[in-house]
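> Protein chains in written order, with my numbering: chain B, 112 to 465; chain Z, 112 to 465.
One structure follows; several queries about it will come next.
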């Protein structure tokens with residue numbers, strides 16, 4: 112039997128701190144399928160652990176004296192905050208003491224620590240942040256949602272590869288359908304980046320369904336939607352903003368009558384559910400894919416359930432050997448990359464590689 | 112007294128055709144502040160006009176024998192559909208017989224006819240499509256929403272200029288606040304395009320409030336949001352998709368009880384209102400700015416109210432001499448352009464031009 116996955120949890124991150132993070136980590140540990148290491152203020156963590164029945168659970172503490180603020184610059188966190196919970200969590204990962212990291216803290220700092228302390232898988236040009244969004248039918252992965260603002264076609268192809276393996280291994284989707292986020296469904300629509308990327312995706316062995324538009328994100332007819340991190344991050348924040356704004360506009364509409372208010376109680380709950388889902392709670396966190404160890408970036412406002420789900424997702428990633436599959440995919444991908452360069456030169460874009 | 116604005120209306124465009132377009136144009140003509148020319152199938156148009164009391168209204172017909180389908184390629188429409196309602200409407204504009212064009216037909220073809228038949232204002236590098244979105248407080252203009260997929264910083268600056276003048280002249284906003292759509296509010300956040308553009312906007316005499324994020328679109332704290340047409344179009348379609356999806360998810364949630372259904376009746380109406388607003392109905396259409404004559408691109412599913420509002424908006428654009436103001440703005444802009452190039456070279460970006 113293989114060793115249980117061990118996940119480091121930044122106990123100090125997020126808007127609510129250890130009071131929310133530690134109980135979430137404990138809930139994950141109760142599944143007995145994993146171990147957790149809580150990183151942060153030892154006294155505070157012990158205090159919260161003392162209030163719960165954790166007998167038989169595999170929970171350790173790694174002390175860290177500093178807490179990174181939500182507004183601190185990632186570069187400065189890397190340089191100066193050597194004893195912060197976020198840096199120490201990634202150091203545990205680098206040393207091989209844990210298999211993954213979960214943090215609801217400063218997301219820029221989490222990305223930076225992941226990239227520079229743990230490092231990329233060989234062959235991955237750019238790790239990318241994936242967001243798992245609810246749709247009418249099933250979750251859809253949007254990648255990249257902010258790790259890389261200026262991208263080349265080969266980066267988008269790699270984002271597709273990483274999300275495809277994540278969809279198979281963690282979300283258990285067979286033959287994930289991959290689409291390219293652009294404007295206009297027909298081939299040849301989009302900007303320079305998506306047009307070139309389209310040709311690479313066509314050459315790949317992915318289950319590539321072609322271009323998809325912003326409105327297709329929510330239909331559930333596609334499993335993975337690939338875009339650059341600028342577009343993805345604009346999209347993600349837009350969804351948050353629109354969901355919040357709809358809630359407010361509805362609120363304004365229904366202030367008028369009792370019946371409307373009764374109605375709104377229901378509508379608001381549904382909207383809030385939706386809004387919270389967009390805020391990562393349902394799936395716990397946004398996986399940062401392409402690192403040597405998995406990292407999950409949780410929303411600052413995460414509740415215990417979100418932390419629990421993020422830890423479970425990180426463990427599932429490890430248990431299903433997603434990084435190994437990614438490396439295998441990459442060796443296939445190197446062929447794609449070479450072939451596609453050749454094909455683009457020769458303008459013979461008909462080959463389909465198996 | 113100056114001549115009334117005269118607007119050509121493509122009577123054949125849109126999902127519903129002349130039965131919806133012609134009554135919308137008549138409603139606009141009833142304001143007596145403008146003339147309309149209905150372009151399309153003379154028999155059908157006369158038939159609909161015959162059912163209404165149009166005595167004293169300034170309504171003309173320009174016959175056109177062809178109708179452009181929603182899926183036809185813009186380049187082929189330009190080349191082959193010489194007697195289509197959309198081409199003839201723009202030909203009237205080129206000949207100076209009308210001051211603007213409104214169409215709910217094939218939007219790609221409308222853009223192409225606008226650009227190639229009417230042409231750009233001298234000095235405008237790229238005409239851009241603006242969308243007027245409802246927010247919690249007041250409308251916000253998002254520009255460009257799809258006319259230009261790959262842009263340079265100078266294009267974004269011009270989009271800002273065009274939208275600023277539209278906001279002043281047509282939406283009657285004093286000192287419109289202009290923001291740059293990017294990821295992260297601080298200076299220096301974003302991709303290569305937005306970072307460079309930020310420096311240009313800082314140098315301009317605009318009421319530039321800096322970077323805004325996707326979530327800021329709906330708060331109403333900014334009047335004009337500038338982005339490239341790829342990002343803007345993704346955003347626009349995302350909003351449509353999310354509003355539709357929320358409606359469906361809510362519907363699923365409330366199938367359970369009578370109370371919930373009563374509540375949903377209200378929620379659905381509010382959501383539909385919102386969704387219709389995003390679909391251009393409230394403000395009629397998306398103005399294509401930077402052409403020698405104004406053009407309004409209406410949603411294919413436009414109702415008569417949307418057509419009426421689009422015609423009124425086009426007339427208001429003409430009446431307020433927005434294009435003249437744009438040309439005046441451009442002469443100032445040429446200084447900005449030169450100065451900003453210089454400043455970027457010298458890295459002295461402190462100057463504020465009045």
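Cβ coordinates follow ideal geometry from the N, Cα and C atoms, glycine included.
Here the structure is a predicted model, which means the values were calculated and not measured.
Going by DSSP, name the residue or residues bridged to residue 231/Z.
Bridge partners of residue 231/Z: 402/Z.
> Based on the DSSP secondary-structure assignment, which residues constitute the bridge partners of residue 174/B?
Looking at the DSSP assignment, residue 174/B forms a beta bridge with 151/B.
> By a C-beta neighbour count over all protein chains shown, 10 Å radius and 16 as the cutoff for buried, is residue 207/B buried or exposed?
Counting Cβ neighbours within 10 Å, residue 207/B comes out exposed, since fewer than 16 surround it.
> Along chain B, in chain order, which residues have C-beta atoms closer than 8 Å to that of residue 350/Z?
Those within 8 Å of residue 350/Z in chain B are 325, 349, 353.
> Under 6 Å Cβ to Cβ from residue 155/Z, same chain only, skipping five residues before and after it: list those, please.
Correct list, in chain order: 129.
> For chain Z, is any of its Cβ atoms less than 8 Å away from the one on residue 195/B?
Not one chain Z Cβ lies under 8 Å of residue 195/B.
> Less than 8 Å between the beta carbons of residue 406/Z and residue 145/Z, yes or no?
The answer is no: Cβ separation not under 8 Å.
> Tell me whether residue 162/Z is buried or exposed, calling it buried when 16 or more other Cβ atoms sit within 10 Å of its Cβ.
Classification of residue 162/Z: exposed, given that the 10 Å Cβ count is below 16.
> Spatial neighbours of residue 139/B within its chain, please: CB distance less than 6 Å, with the 5 preceding and 5 following residues excluded, ordered by chain position.
419, 422, 423.
> Using a C-beta to C-beta distance shorter than 8 Å, which residues of chain Z count as neighbours of residue 346/B?
Correct list: 325, 345, 346, 349.
> Restricting to Cα atoms, I'd like to know which of 224/B, 431/B, 308/B, 230/B is closest to residue 290/B.
Residue 290/B has its Cα closest to that of 308/B, out of 224/B, 431/B, 308/B, 230/B.
> State yes or no: is the C-beta of residue 237/Z within less than 8 Å of the C-beta of residue 266/Z?
Yes, they are a contact pair.
> Just mark residue 180/Z as buried or exposed, buried being the case when its beta carbon has 16 or more other beta carbons within 10 Å.
Under this definition residue 180/Z is an exposed residue.
> Exposed or buried, what is residue 96/Z when buried is set at 16 or more other beta-carbons lying within 10 Å of its beta-carbon?
Absent from the structure is residue 96/Z, since the part of chain Z shown begins at 112 and ends at 465.
> Taking the alpha helix (DSSP H) that residue 288/B falls in, what are its first and last residues?
Per DSSP, residue 288/B belongs to no alpha helix (DSSP H); it is in the beta strand (DSSP E), 288 to 292.
> For residue 168/Z, name the three-state secondary structure that DSSP assigns.
Correct three-state label for residue 168/Z: coil.
> Can you tell me the Cα-Cα spacing of residue 135/B and residue 414/B, whole angstroms?
Cα-Cα distance, rounded: 8 Å.
> I need the DSSP call for residue 391/Z, collapsed to helix, strand or coil.
In this predicted model, residue 391/Z has a pLDDT of only 49, less than 50, meaning its place in the structure is not dependable; the value taken from the coordinates is given anyway. Of the three classes helix, strand and coil, the one that applies to residue 391/Z here is coil, per DSSP.
> Output yes if chain D places a C-beta closer than 8 Å to the C-beta of residue 414/B; else output no.
Checking the listed chains, one finds no chain D in this structure; the protein chains it contains are B and Z.
> Give the residues from the segment 292 to 313 of chain Z that approach chain B closer than 7 Å (Cβ to any Cβ), ordered along the chain.
The residues in question are 292, 294, 301, 302, 303.
> Compare the C-beta of residue 187/B against all C-beta atoms of chain Z and say whether one is closer than 8 Å.
Residue 187/B does not count as touching chain Z.
> To which residues does DSSP link residue 265/Z through a beta bridge?
Residue 265/Z pairs with nothing; no bridge assigned.
> Is it the case that the Cβ atoms of residue 212/Z and residue 275/Z are separated by a distance below 8 Å?
No, Cβ-Cβ distance for residue 212/Z and residue 275/Z is not below 8 Å.
> Under DSSP, the beta strand (DSSP E) around residue 252/Z begins and ends at which residues?
First-last of the beta strand (DSSP E) with residue 252/Z: 251 to 254.
> For residue 304/Z versus residue 264/Z, is the C-beta distance shorter than 8 Å?
The answer is yes: Cβ separation under 8 Å.
> Using a Cβ-Cβ distance under 8 Å, would residue 126/B count as near chain Z?
Answer no: the Cβ-Cβ gap between residue 126/B and chain Z never drops below 8 Å.
> Work out the CA separation of residue 221/B and residue 293/B for me, nearest whole Å.
Each residue's alpha carbon lies about 29 Å from the other.
> Closer than 8 Å by beta-carbon distance: list the chain B residues that pair up with residue 257/Z, in chain order.
Near residue 257/Z (Cβ distances below 8 Å), the residues of chain B are 294.
> Specify the secondary structure class of residue 340/Z as computed by DSSP and reduced to three states.
In the structure shown, residue 340/Z sits in a helix (DSSP, three-state: H, G or I).
> Any idea if residue 152/B is buried or exposed, counting beta-carbon neighbours within 10 angstroms, 16 or more meaning buried?
With 16 or more other Cβ atoms within 10 Å, it is buried.
> In three-state terms, what does DSSP make of residue 209/B?
Note: residue 209/B maps to coil in three-state DSSP.
> Going by DSSP, name the residue or residues bridged to residue 241/B.
In the DSSP output, where bridge partners are listed per residue, residue 241/B has 254/B.
> Around the Cβ of residue 100/B, are there at least 16 other Cβ atoms within 10 angstroms (buried) or fewer (exposed)?
Given a span of 112 to 465 for chain B in the structure shown, any question on residue 100/B remains unanswerable.
> Of the residues 311/Z, 439/Z, 338/Z, which one's Cα is nearest the Cα of residue 258/Z?
With distances taken between Cα atoms, residue 258/Z lies closest to 338/Z.
> Measure the alpha-carbon distance for residue 260/Z versus residue 340/Z and round it to whole angstroms.
For residue 260/Z and residue 340/Z, the distance between alpha carbons rounds to 5 Å.
> In the DSSP output, which residue or residues are listed as bridge partners for residue 117/Z?
Partner(s): 146/Z.
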